[in-house]
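Each remark here refers to the structure printed beneath this line.
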Amino acid sequence: MGRQATSTATRVLVISGSVGAGHDGAADELVSRLAKLGVAADRRDYLDALPRACRYLLRDGYRLSVGYWPAFFDWLFANLERTGWVRWVALWLCKVAQRDVLRWVGDHDVVVSTYMLSSQTLGQLKEAGRINATLVTFLTDPAVHRTWIHPAVDHHVTVTEATARMGELEYQTPMRAVGGLVSPKFAEPVDPASRRALRAELGLSPDGLVVLLATGSLGMGDVPNVVASITSSGVGEVVVLCGRNDRLRKQLSAQAGVVALGWRDDVPELMAASDVLIHNAGGLSLTEALTAGLPAVTYRPIPGHGIANSEVLADAGLAPWPKNESELVEAIRKQAIDRGDPSQVVINPDTAALVLQLLAERGQQVTPDQDALPA
1 MGRQATSTAT
11 RVLVISGSVG
21 AGHDGAADEL
31 VSRLAKLGVA
41 ADRRDYLDAL
51 PRACRYLLRD
61 GYRLSVGYWP
71 AFFDWLFANL
81 ERTGWVRWVA
91 LWLCKVAQRD
101 VLRWVGDHDV
111 VVSTYMLSSQ
121 TLGQLKEAGR
131 INATLVTFLT
141 DPAVHRTWIH
151 PAVDHHVTVT
161 EATARMGELE
171 YQTPMRAVGG
181 LVSPKFAEPV
191 DPASRRALRA
201 ELGLSPDGLV
211 VLLATGSLGM
221 GDVPNVVASI
231 TSSGVGEVVV
241 LCGRNDRLRK
251 QLSAQAGVVA
261 LGWRDDVPEL
271 MAASDVLIHN
281 AGGLSLTEAL
291 TAGLPAVTYR
301 PIPGHGIANS
311 EVLADAGLAP
321 WPKNESELVE
331 AIRKQAIDRG
341 DPSQVVINPD
351 TAALVLQLLA
361 ERGQQVTPDQ
371 DALPA
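Written out as structure tokens, the structure reads:
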């Protein structure tokens, strides 16, 4: 995935990683925001810089290990944090990617990474004096992990203040909260008429409590049991976003009281029509919910980063983490009372504004459309 924008005097490169949808989603939104400000950006997929077998291991190995060998994924996540052979292999893989990443960087002035391994490769190149671009890492996860951090990266930015505090306290790395990189549609006020219309279209009651269950782009996690816990309690109707997992969608569609959906482009509207989000990873869907003011609950998180993210969200008061069915039902009822405050993730200046500032510092003057700037 390497879409090239129209070339201009201003040069910005955004590197993502097509593992799940969260890293790509953040990258695409940044490119879109920059375009509205009159800044063209090139977009690259980090996995394209790796040998084909390594792409398979990162993309499909992630899905298979989380789904079938969760203990192994937990072990891998923990050992990537420590100094040892597992981390050494990961950093060696980052060195393998250097040739293509160096070519991509070229004469770009600012490079933004939304994927942890691309941040490591960029940091390696800058530490060796092979690039002089200003580097920015955008952390898509609520929990900071060692693989997200490289001392040669100039700026580490996060979605919330909670993540920024974690980076500074536990990793001694300055971090700055710049809000979520999701569509502005999520921050729009709920339209009651549209909410009722979408509920009717999906066969939901007009005023009942609706639980939106997000499973990521791959439909991962202990989803059928979570759905059963909610439906058996009678706490509310359930809408499940199954992503691209068609098998899961078909399985859940056969159950009464469950609306199972595949990949959707109207997630802002679905969140406006719902009362509570249940998530298991803390990724893009959680950021979208916070931006929409949709109360969130963590339940049965996936291993590794899912559990780490859940701890940060619970400690920060952003999403409770019930440990059993009775606690889940109680959390759903409490969270559904009021929509939340999106100020946690709707922050100005945002990442796009930061890029403009960094371009100006490098002598690249940009005159943005004032109507496109955040209020």
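For the sequence shown, counting from 1, position 60 maps to 60 in the working numbering; every step adds exactly one.
Every residue gets a Cβ at the ideal spot worked out from N, C-alpha and C, and that includes glycine.
message = Going by DSSP in three states, Ala71 sits in which element: helix, strand or coil?
response = Note: Ala71 maps to helix in three-state DSSP.
Handout entry: beta strand (DSSP E) segments (min. 3 residues) lying fully within the stretch 20-53
Key = Qualifying beta strand (DSSP E) stretches, in chain order: 41-45.
task: Quick one: residues in its chain with C-beta nearer than 8 Å to the C-beta of Gly363, no 5 flanking neighbours on either side, listed in chain order?
output: Correct list: empty, nothing qualifies.
Ignoring anything shorter than 4 residues or poking outside the stretch 110-153, list the alpha helix (DSSP H) runs there in chain order.
116-127
Note to self: Please state whether the Cβ-Cβ distance between Thr134 and Asp109 is less than 9 Å.
What the structure shows: Cβ atoms of Thr134 and Asp109: closer than 9 Å.
message: So the candidates are Trp321, Ala281 and Asp141; which of them puts its Cα closest to the Cα of Leu163?
response: Here residue 163 is Thr; the residue named in the question, Leu, does not match the sequence. Checking every option, the nearest Cα to that of Thr163 belongs to Asp141.
_Distance between Ala26 and His156 (C-alpha atoms, nearest Å)_ = 15 Å
Per-residue DSSP class, three states only, for Ile347: coil
Can you tell me where the alpha helix (DSSP H) with Glu327 in it begins and where it stops?
Glu325 to Gln335
Report task. Kindly identify the DSSP beta-bridge partner or partners of Ile278. Result -> Leu213 and Val297
Taking only three categories from DSSP, how would you classify Met220? coil
Beta-carbon separation (whole angstroms), Leu277 vs Val235, contact threshold 8 Å:
Contact flag wrong, Cβ pair sits at about 14 Å.
#### Entry: Delimiting residues of the alpha helix (DSSP H) encompassing Ile307
His305 to Asp315
| request: Could you check the C-alpha separation between Gln335 and Glu325 for me, to the nearest Å? | output: 15 Å
- prompt: Residue range of the alpha helix (DSSP H) that Leu290 falls in?
  reply: Leu284 to Ala292
message: Checking 9 Å against the spacing of the C-beta atoms, do Gly179 and Val345 come in under that value?
response: yes
Item to check | Where Pro192 falls, given that 16 or more other Cβ within 10 Å makes a residue buried | outcome: The residue is exposed, with fewer than 16 neighbouring Cβ atoms inside 10 Å.
Classify Ala375: buried if its beta carbon has 16 or more other beta carbons within 10 angstroms, exposed otherwise. Any reading at Ala375 needs caution, since the residue's pLDDT is 48, under 50, leaving its predicted position unreliable; the model's value is listed next. Exposed, by the Cβ-count rule.
To the nearest angstrom, how far is the alpha carbon of Leu359 from that of Asp246?
Near 43 Å, if we compare the C-alpha coordinates of Asp246 and Leu359.
**OP:** Evaluate Gly20 with the Cβ neighbour count: other Cβ atoms within 10 Å of its Cβ, from every protein chain shown; 16 or more gives buried, anything less gives exposed.
**Re:** buried
For the 8 Å Cβ check, are there 3 or more pairs between the stretch 275-293 and the stretch 303-314? yes
Exercise for the section: Report back the beta-carbon spacing between Leu218 and Arg244 to the nearest angstrom; my notes put them in contact at under 8 Å. Expected result: 7 Å
Looking at Leu294: is its Cβ nearer than 9 Å to the Cβ of Ser274?
yes
Pull up the CB-CB distance for Val14 and Val39, whole angstroms please, since I reckon it's below 8 Å. Not confirmed; about 11 Å, so no contact.
For Ser7, the three-state DSSP class (helix, strand or coil):
Here the model assigns Ser7 a pLDDT of 40, short of 50, so the residue's position is not dependable and the matter cannot be decided.
Would Arg284 and Val136 be called neighbours here (beta carbons separated by less than 9 Å)? Rather than Arg, the amino acid found at residue 284 in this sequence is Leu. At least 9 Å separates the beta-carbon of Leu284 from that of Val136.
Report task. Between the Cα of Trp321 and those of Glu330, Tyr46, Arg339 and Thr298, spot the shortest distance and give me the residue it belongs to. Result -> Thr298
- Query: The alpha helix (DSSP H) with Thr83 in it runs from where to where?
  - Reply: Note, Thr83: premise wrong, no alpha helix (DSSP H); not H, not E.
* Please state whether DSSP places Glu237 in a helix, a strand or coil. => DSSP, read as helix, strand or coil, puts Glu237 in strand.
Fill in: Other residues of its chain near Ser436: CB distance less than 7 Å, five sequence neighbours each side excluded
This structure cannot speak to residue 436, because the chain is shown only from 1 to 375.
Rank Trp69, Ala90, Met116 and Leu125 by C-alpha distance to the C-alpha of Val101 and give the top, closest one. Leu125
- Query: Thinking C-beta only, is Leu204 closer than 9 Å to Val259?
  - Reply: Taking the C-beta atoms as reference points, Leu204 is found nearer than 9 Å to Val259.
Original post:
Alpha carbon to alpha carbon, what distance is there between Leu117 and Trp69?
Top reply: 22 Å
### Query
So which of Met220, Pro206 and Leu91 has the shortest CA-CA distance to Ser65?
Met220
inquiry  = Which residue wins for smallest C-alpha separation from Pro206, given the options Leu213, Ala197 and Ala214?
reply    = Nearest to Pro206 by C-alpha distance, out of Leu213, Ala197 and Ala214, is Ala197.
Rounded C-beta distance between Ala292 and Pro342? I'm assuming under 8 Å.
7 Å
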